[in-house]
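In the numbering used here, the protein residues as written are 254 to 406.
Beta carbons are placed, not taken as given, at the ideal position from N, Cα and C, and that holds for glycine.
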Amino acid sequence: MVVIIFQNKIRKILKDDSGEANYFSTMVFIFIAVLLLAFIIDLFSIISTKQELDHCADQMVKQIQLSGGLNTETEELFDFLCSQIEGADNISYSIDASYKSPTPSGMHKAIQLGNPFYITIEGDAKLGGFWNFRLIQLRIVARGAGVSEHYWK
C-alpha cells in the first residue's frame, strides 16, 4: 500500500511542470538574450562613431587654427578623416566664424588672428542589431572651437 502511494506521488511530481522551464520558454529566453546582446553591441558602435567624429572635429580645429582658415588642405584632411569613419554616412561640416575680406590667395575663407571659430560635424548613423535592420535613424553631432593663429595682412 505504501509503495502504491509513493508511486502515485512520484508520478504526480513528474507530471507537474509548474516552476520548471520547458523548451519553448528556454528558446524565448535565449532569443531575447541574443536580441539584447545585438542591441548592446550596436549601441557600442554608435558610441565609437561619436568618438571618431569628436576626433575629426579636434583635428579640423587644429588644421584651421594653424592655416588661418579654409583651404584645399582643410578639405583634403576632412575627406581623409571621413574615410576612416565607418559607422556614419552623409558626414558634413559647417564653420561659424567671421571671415576676413578680401580673401587672401590660396584660401577659400580666411580667419584673422585671434578671431574665434566654431565647427560642427554631423553624420547619420543607424541602430538596428546584427542584421542592420536600420530601425532607428540617429544624427550624431560633434563640435569644436578654436581661435585662429594666423595673421593676415
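If contact is defined by three or more beta carbon pairs under 8 angstroms, each pair taking one atom from either stretch, is the stretch 284 to 296 in contact with the stretch 333 to 343? no
Just verifying my parser: in three-state terms, what is the DSSP assignment at residue 392? Residue mapping note: residue 392 aligns to position 139 of the sequence shown, counting from 1. Of the three classes helix, strand and coil, the one that applies to residue 392 here is strand, per DSSP.
Look at residue 341 and residue 378 and say whether their C-beta atoms are less than 7 angstroms apart. Position 88 of the sequence shown, counted from the start, is the residue given in the question as residue 341. Position 125 of the sequence shown, counted from the start, is the residue given in the question as residue 378. Closer than 7 angstroms, so yes.
Quick test of your reading: residue 375 and residue 387, contact by CB under 8 angstroms. State the CB separation rounded to the nearest angstrom. Working through the sequence shown from its first residue, we reach residue 375 at position 122. Working through the sequence shown from its first residue, we reach residue 387 at position 134. So it is not a contact: roughly 18 angstroms between Cβ atoms.
Buried or exposed: which applies to residue 359, given that a residue is buried once 16 or more other Cβ atoms fall within 10 Å of its Cβ? The count along the sequence shown starts at 1 and reaches residue 359 at position 106. Answer is exposed; the Cβ neighbour count stays below 16.
Do you know offhand how far residue 316's Cα is from residue 346's? As a working note, residue 316 is residue 63 in the sequence shown. As a working note, residue 346 is residue 93 in the sequence shown. Near 14 angstroms, if we compare the C-alpha coordinates of residue 346 and residue 316.
What is the DSSP secondary structure of residue 315, counted as helix, strand or coil? The count along the sequence shown starts at 1 and reaches residue 315 at position 62. Residue state, collapsed to three classes: helix.
Among 327, 304, 302, 305, which one has its Cα closest to the Cα of residue 314? Translated into the one-based positions of the sequence shown, residue 314 becomes position 61. Nearest C-alpha to residue 314: 327.
Could you check where the alpha helix (DSSP H) with residue 325 kicks off and where it finishes? Translated into positions along the sequence shown, residue 325 becomes position 72. Looking at the DSSP string, the run of the alpha helix (DSSP H) that includes residue 325 is 325 to 336.
Of the listed residues 366, 264, 297, 289, nearest to residue 406 (C-alpha basis): The residue given as residue 406 occupies position 153 in the sequence shown. The residue with the shortest Cα to Cα distance from residue 406 is 366.
Under three-state DSSP, which class holds residue 358? Position 105 of the sequence shown holds residue 358. Looking at residue 358 - three-state DSSP - the assignment turns out to be coil, as it is neither helix nor strand.
Leaving aside the five residues before and after residue 484 along the sequence, list all residues of the same chain whose C-beta is less than 6 angstroms from its C-beta, in chain order. The question about residue 484 has no answer here: the residues shown for the chain are numbered 254 through 406.
Three-state secondary structure assigned by DSSP to residue 445: As displayed, the chain neither begins before 254 nor continues past 406, which places residue 445 out of reach and without an answer.
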